[in-house]
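Taking this note's numbering, the leading residue of the sequence shown gets 1, the next gets one more, and so forth. C-beta: ideal position from N, C-alpha, C; glycine also. In this text the structure is predicted, and so the values were computed from the model without any measurement.
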Amino acid sequence: MDTFASAVLAASGKSVLATVVFIVVGIVLVGGLIWAFRLGIKVRDREPAPPRPHEQPRRPGSGPAHETRRAREPNEMPLATDESERLTPHELRPTGSRDSADQRRPRWDETSGG
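Take a look at the structure:
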């Protein structure tokens with residue numbers, strides 16, 4: 001845009017009104033941001049302080065907790081006595097698996113896929 005067109009637009013009444021509205025909206029937005037920032041500071045001041053180092057939880061005297069590993073096997077679905085009979089929830093087992101009788105870790109085998 002050339003300088004002459006800018007001068008003509010600046011001299012028109014609508015341009016002055018638009019400029020004033022633009023400045024007012026900018027001031028309102030900046031004021032809103034300042035208000036939100038101050039509100040955040042007040043909210044943060046009301047929060048409790050972070051715990052001090054001596055208030056932090058301590059590791060048990062016996063040392064850190066260790067990972068436990070158990071082998072599980074699936075529970076089989078119980079069969080109904082009659083094929084037309086439905087099983088109700090209390091006839092089902094509570095979980096989908098149970099501890100396996102063989103608790104050894106599975107090892108890689110050449111015939112296995114993994």
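Please state the DSSP three-state secondary structure of residue i.
{"i": "aspartate 116", "result": "No information on residue 116 is available, as it lies outside the stretch 1 to 114 that the chain covers here."}
{"i": "proline 78", "result": "coil"}
{"i": "glutamate 73", "result": "strand"}
{"i": "tryptophan 108", "result": "coil"}
{"i": "histidine 66", "result": "coil"}
{"i": "alanine 49", "result": "coil"}
{"i": "arginine 38", "result": "helix"}
Indicate whether residue i and residue j have their beta-carbon atoms separated by less than 8 Å.
{"i": "aspartate 99", "j": "arginine 69", "result": "no"}
{"i": "arginine 93", "j": "asparagine 75", "result": "yes"}
Out of the options, state which residue places its alpha-carbon closest to the alpha-carbon of residue i.
{"i": "leucine 95", "options": "Thr81, Met77, Asp82 and Arg105", "result": "First, the amino acid is wrong: residue 95 is threonine here, not leucine. Of Thr81, Met77, Asp82 and Arg105, the residue nearest in Cα terms is Met77."}
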